[in-house]
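Each residue of the sequence shown is one higher than the one before, starting from 0 at the first, in numbering that gives the first Met the number 0.
Backbone N, C-alpha and C fix where the C-beta goes; we use that ideal spot for every residue, glycine too.
The model shown is predicted, which means the values in this text are computed figures rather than measured ones.
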Amino acid sequence: MAASGDDQESCVPSVLSGVVQDLLDNVEDTDSNKILNALDFPLWNGNCDRNAYSTDLAAWDVTRGLHIFDPSTLYPTGDVRWGLAGLKHSMTFLHIDPDGFHTENTVSVGGKAWGLMRERPGTTKSSANFYLHEGFCLNEVIDDNHYDFEVIALRPGDRIYMQPNTPHFVLGMENSICYGGHFYSTLTMQQTLSGVIHSFVLDKFLTNTTHQASRHLLRRILIFYLHGLMDKKISTQVQYKKKAEEKNLEGGTHCSLALLTSQIDNVMRLNEDIGKTWTIHSGHQSDSFELEDQSKYQFEWKAGWETSGKWTSASP
0 MAASGDDQES CVPSVLSGVV QDLLDNVEDT DSNKILNALD FPLWNGNCDR NAYSTDLAAW
60 DVTRGLHIFD PSTLYPTGDV RWGLAGLKHS MTFLHIDPDG FHTENTVSVG GKAWGLMRER
120 PGTTKSSANF YLHEGFCLNE VIDDNHYDFE VIALRPGDRI YMQPNTPHFV LGMENSICYG
180 GHFYSTLTMQ QTLSGVIHSF VLDKFLTNTT HQASRHLLRR ILIFYLHGLM DKKISTQVQY
240 KKKAEEKNLE GGTHCSLALL TSQIDNVMRL NEDIGKTWTI HSGHQSDSFE LEDQSKYQFE
300 WKAGWETSGK WTSASP
């Protein structure tokens, strides 16, 4: 549990042990009460249903029958499903979540301001030098920084999905209760690797906890793909990017993205100040799973699309 310091001290959280009653005793916003932030409550009965993005869940189920794993071993739900409770004005300073995990978080009660750090062109947070540079600071914004922040206001019912190795801070706008979890996804294994290395090398300087179960999950994913390739159950010839073409339903996602981008362009044309501050950040890597030929996935909206809901491909 993190608590604020006295008025005469700098506002840097201290880590304490406590009970839930401590939160309830300080829930009123008065000068004499402490600002408490409880991290975290393991949810042993958390949701572990299969989904389209958690590779670790799929790998765990598939490898359960292999002789090298004990079939009675349970998925580490308590490590990767958790609840959070924090009082108004509670602050979690800049950090990355541990062990290269993705993070998902849903606000049940209250509100959170979730600040995501965005590196500027020419810098990359995959390098440890990014965090050791004098322009990086954990608990304040300095003049000589080399990154920007994007802050998202999360209200009850809102859910955020965050990539691995993403420096972020969280501010409690109200007394809040959240629930969420961690997962691994094949599509971001490069970011996961960076997060694992940074969590190990920089340790408590950059992250606030660790989960030993992460190693078991990564090992399961490795064996999952090893056996899939050896048994030819995973084809290396599948043109998976074809699934995102306009003739398939998945193309609707790219269509929505193109529409959103065009609206952003419209706003920038109307307001020159916004246009001057807008920076294009390219996160594409040559060996990533991102779509390379963007022209094949662009759409032009027909006149009257608001009523018809139809679109046409911009590709010849």
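When the distance is taken between beta carbons, is CYS177 closer than 8 Å to SER89? Looking up residue 89 in the sequence shown gives position 90. Looking up residue 177 in the sequence shown gives position 178. Cβ atoms of SER89 and CYS177: not closer than 8 Å.
If you reduce the DSSP assignment to three classes, tell me which class PHE223 lands in. Position 224 of the sequence shown holds residue 223. DSSP places PHE223 in helix when its eight states are reduced to three.
Nearest to ASP157 (by Cα), restricted to the options ASN164, SER175, HIS215, PRO163: Along the sequence shown, read from residue 1 onward, the residue named residue 157 stands at position 158. Here the closest residue by C-alpha is SER175.
Could you name each continuous alpha helix (DSSP H) segment of 4 residues or more that falls completely within the stretch 14-52, going from the start of the chain to the end? Qualifying alpha helix (DSSP H) stretches, in chain order: 19-24.
Unbroken stretches of the alpha helix (DSSP H), 4 residues or longer, contained in the stretch 112-152: 127-131, all fully within the stretch 112-152.
Could you give the first and the last residue of the continuous alpha helix (DSSP H) run that contains MET188? Within the sequence shown, the letter at position 189 stands for residue 188. For MET188, the enclosing alpha helix (DSSP H) starts and ends at 188-200.
So ASP60 and HIS181 are supposed to be a Cβ contact under 8 Å. How far apart are they, rounded? Looking up residue 60 in the sequence shown gives position 61. Looking up residue 181 in the sequence shown gives position 182. No, ASP60 and HIS181 are not in contact; Cβ-Cβ is about 17 Å, not under 8 Å.
Output the boundary residues of the beta strand (DSSP E) element that contains LEU93. Position 94 of the sequence shown, counted from the first residue, corresponds to residue 93. For LEU93, the enclosing beta strand (DSSP E) begins and ends at 90-94.
Residue burial classification, PHE223 (beta-carbon count within 10 angstroms, cutoff 16): To locate residue 223, count along the sequence shown from 1; it is residue 224. PHE223 is buried by the Cβ-count criterion.
From which residue to which residue does the beta strand (DSSP E) around GLY85 run? Taking the first residue of the sequence shown as 1, we reach residue 85 at position 86. That run of the beta strand (DSSP E) goes 80-85.
Short check: CB of TYR146 to CB of MET116, under 8 Å? In the sequence shown, counting from the first residue as 1, residue 146 sits at position 147. In the sequence shown, counting from the first residue as 1, residue 116 sits at position 117. Against a cut-off of 8 Å, the Cβ pair of MET116 and TYR146 comes out as a contact.
Return the chain-ordered list of same chain residues with a C-beta closer than 8 Å to the C-beta of PHE100, the five sequence neighbours on each side being excluded. In the sequence shown, the residue the question calls residue 100 occupies position 101. So the list reads VAL79, PRO163, HIS181, PHE182, TYR183, THR191, GLY194, HIS210, SER213, once near-sequence residues are dropped.
List the DSSP bridge partners of LEU170. The residue labelled residue 170 in the question sits at position 171 within the sequence shown. MET90, ALA112, per the DSSP bridge assignment.
Beta-carbon contacts of LYS124 that lie in its chain and below 7 Å, excluding the five residues immediately before and after: Numbered from its first residue, the sequence shown carries residue 124 at position 125. GLU118, ASN164, PRO166.
Taking the CB atoms as reference points, tell me whether ASN36 and THR91 lie closer together than 8 Å. For the purposes of this step, residue 36 is identified with residue 37 of the sequence shown, where counting begins at 1. For the purposes of this step, residue 91 is identified with residue 92 of the sequence shown, where counting begins at 1. In this structure, THR91 lies closer than 8 Å to ASN36 by Cβ.
Shortest alpha-carbon distance to ARG154 belongs to which of GLU103, LEU201, GLU173, PHE148? Within the sequence shown, numbered from 1, the residue matching residue 154 stands at position 155. Nearest C-alpha to ARG154: GLU173.
Below 6 Å CB to CB, which residues in the same chain sit around VAL18 once its five sequence neighbours on both sides are set aside? Start at 1 with the first residue of the sequence shown, and residue 18 comes out as number 19. The answer is none, since no qualifying residue turns up.
Under 8 Å between the Cβ atoms of ARG219 and ASP98? Numbered from its first residue, the sequence shown carries residue 219 at position 220. Numbered from its first residue, the sequence shown carries residue 98 at position 99. No, the Cβ-Cβ distance between ARG219 and ASP98 is not below 8 Å.
State the start and end residues of the unbroken alpha helix (DSSP H) segment that holds ASP157. Here residue 157 refers to the residue found at position 158 when the sequence shown is read from its first residue. Note, ASP157: premise wrong, no alpha helix (DSSP H); not H, not E.
Could you tell me if LEU15 is buried or exposed, where buried requires 16 or more neighbouring beta carbons within 10 angstroms of its beta carbon? Mapped onto the sequence shown, residue 15 falls at position 16. Exposed, by the Cβ-count rule.
Near ALA127, what residues of its chain come up, given a Cβ to Cβ distance below 8 Å and the 5 sequence neighbours on each side ignored? What you label residue 127 is simply residue 128 of the sequence shown in a count that begins at 1. Closer than 8 Å at Cβ, skipping near neighbours: ILE196, HIS197, VAL200, LEU201.
Give the straight-line distance between the Cα atoms of THR102 and LEU216, rounded to the nearest whole angstrom. As a first step, residue 102 must be located in the sequence shown, where it is residue number 103. As a first step, residue 216 must be located in the sequence shown, where it is residue number 217. If you take the alpha carbons of THR102 and LEU216, they lie about 15 Å apart.
At what residues does the alpha helix (DSSP H) containing THR54 begin and finish? Residue numbering aside, residue 54 sits at position 55 when the sequence shown is read from its first letter. Segment 54-62, the alpha helix (DSSP H) holding THR54.
On a Cα-Cα basis, can you pick out the residue from LEU42, ASP48, GLY110, PHE168 that is closest to GLU77? Position 78 of the sequence shown, counting from 1, holds the residue named residue 77. For clarity, residue 77 is Gly in the given sequence; the question names Glu instead. Per the Cα distances, LEU42.
Spatially closest choice to MET188 from THR206, GLU149, THR208, LEU221, by CA coordinates: On the sequence shown, residue 188 is found 189 positions in, with the first residue counted as 1. Cα-wise, what sits closest to MET188 is LEU221.
Between TRP81 and GLY179, which are expected to be in contact by the criterion C-beta below 8 Å, what is the C-beta distance as a whole number of angstroms? Working through the sequence shown from its first residue, we reach residue 81 at position 82. Working through the sequence shown from its first residue, we reach residue 179 at position 180. So it is a contact: roughly 7 Å between Cβ atoms.
Over the uninterrupted beta strand (DSSP E) stretch that includes PHE100, give me the two end residues. For the purposes of this step, residue 100 is identified with residue 101 of the sequence shown, where counting begins at 1. Secondary structure note for PHE100: it is in no beta strand (DSSP E), with a DSSP letter that is neither H nor E.
Mind checking whether ASN25 and LEU86 have CB atoms under 8 Å apart? For the purposes of this step, residue 25 is taken as residue 26 along the sequence shown, with counting starting at 1. For the purposes of this step, residue 86 is taken as residue 87 along the sequence shown, with counting starting at 1. The answer is yes: Cβ separation under 8 Å.
I need the boundaries of the beta strand (DSSP E) containing PHE182, first residue and last residue. Taking the sequence shown and counting its residues from 1, one reaches residue 182 at position 183. Counting along the chain, the beta strand (DSSP E) containing PHE182 begins and ends at 175-182.
Beta-carbon of ILE151 versus every beta-carbon of chain B: anything under 8 Å? Among the chains of the structure shown, chain B does not appear; only one protein chain is present.
So is PHE288 buried or exposed if we call it buried at 16+ other beta carbons inside 10 Å? Stepping through the sequence shown from its first residue, residue 288 is reached at position 289. Because PHE288 sits at a pLDDT of 45, beneath the cut-off of 50, its placement in the model cannot be relied upon, and the point is left open.
Which residue wins for smallest C-alpha separation from GLY227, given the options PHE204, CYS47, LEU65, ALA51? Within the sequence shown, numbered from 1, the residue matching residue 227 stands at position 228. Closest option to GLY227, Cα to Cα, is LEU65.
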